[in-house]
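Going by the numbering used here, 52 is the number at position 52 of the sequence shown; the sequence numbering is gapless. Right, one structure below, let's go through it.
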Amino acid sequence: MNLYERAMFVARTFKVKTGRDRAFLATEKYMSEKRSDWAAFQSANRAKVRFEETPCAKELKSLELDKSKELTPEQVAEIRRTAKRRFLQAVTGNLVVLAAEDEGESEFVRYELPLILQAAGIRRINDRAKEEFAARYNRQS
1 MNLYERAMFV ARTFKVKTGR DRAFLATEKY MSEKRSDWAA FQSANRAKVR
51 FEETPCAKEL KSLELDKSKE LTPEQVAEIR RTAKRRFLQA VTGNLVVLAA
101 EDEGESEFVR YELPLILQAA GIRRINDRAK EEFAARYNRQ S
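Put into C-alpha cells, the structure is as follows:
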C-alpha cells in the first residue's frame, strides 16, 4: 500500500466521532488573530473535541503528508477533506465554531461551512440556527 492509499484508508476508516454537542471547529485565521480567546476557550472547554484531536487526524498527522514527496498538494488536500467531511457528518447536536469575522475565501468558507449546512446531525452552530450563523459568511462571497 503506497502512502496515498494508506492515508485515504485512514481518512475513510479511522474514528472521527465525538459525543453529542462535543465537537468544535476553530479556523486558522481565528486561532492566529485571537490567540488569547483561543487559549481561554481551550482551557474552559476540555470536554470539547476538535477534528485534530480525533484518532483519524492524529494518524494522518503521523504520516507527515505535507513533507511527503510522494503526494501532490492536491492529494494531501483530498485526503484531509475526506477525513474532515467524515468528521462533520458524524457531528450531532450543536457544533461550536470559532471563526474570524472576515474569513474571506478560507477553507472554512469554501469547503467546511457548506458541509456543515448539509450535515443532518448538526442541528445548531454556536447555539443558533445553522443558516443564521452561515449568513454572515455567505455575504462575504
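Quick reminder that beta carbons are idealized off the backbone N, C-alpha and C, glycines included.
For residue i, collect the residues of the same chain with a Cβ closer than 7 angstroms to its Cβ; drop the 5 residues on either side in sequence, then sort them by chain order.
i, result
"residue 151", "Nothing in the structure corresponds to residue 151, since the chain is present only between 1 and 141."
"residue 124", "94, 130"
"residue 84", "51, 112"
"residue 41", "98"
"residue 17", "90"
Sorted by chain position, which residues of the same chain lie with C-beta nearer than 8 angstroms to residue i's C-beta, five sequence neighbours on each side aside?
i, result
"residue 4", "70, 71, 75, 79"
The beta strand (DSSP E) with residue i in it runs from where to where?
i, result
"residue 95", "93–98"
"residue 3", "Segment 3–13 is the alpha helix (DSSP H) holding residue 3; no beta strand (DSSP E) there."
"residue 124", "122–125"
"residue 23", "23–26"
Within this structure, are the beta carbons of residue i and residue j separated by less than 8 angstroms?
i, j, result
"residue 94", "residue 21", "yes"
"residue 59", "residue 97", "no"
Within 8 angstroms (strictly less), CB to CB, does residue i reach chain D?
i, result
"residue 118", "In the structure shown, chain D cannot be found, because there is only a single protein chain."
Run the proximity test for residue i: is its beta-carbon closer than 7 angstroms to any non-hydrogen atom belonging to the ligand HEM?
i, result
"residue 76", "No copy of the ligand HEM appears in this structure; indeed no ligand is present at all."
Starting from residue i, trace the alpha helix (DSSP H) both ways and give me its first and last residue.
i, result
"residue 110", "Where residue 110 is concerned, there is no enclosing alpha helix (DSSP H), given that its DSSP letter is neither H nor E."
"residue 130", "130–138"
"residue 54", "Here residue 54 belongs to no alpha helix (DSSP H), and DSSP marks it neither H nor E."
Measuring alpha carbon to alpha carbon, tell me which residue in the options is nearest residue i.
i, options, result
"residue 7", "66, 136, 133, 33", "66"
"residue 118", "86, 44, 39, 68", "86"
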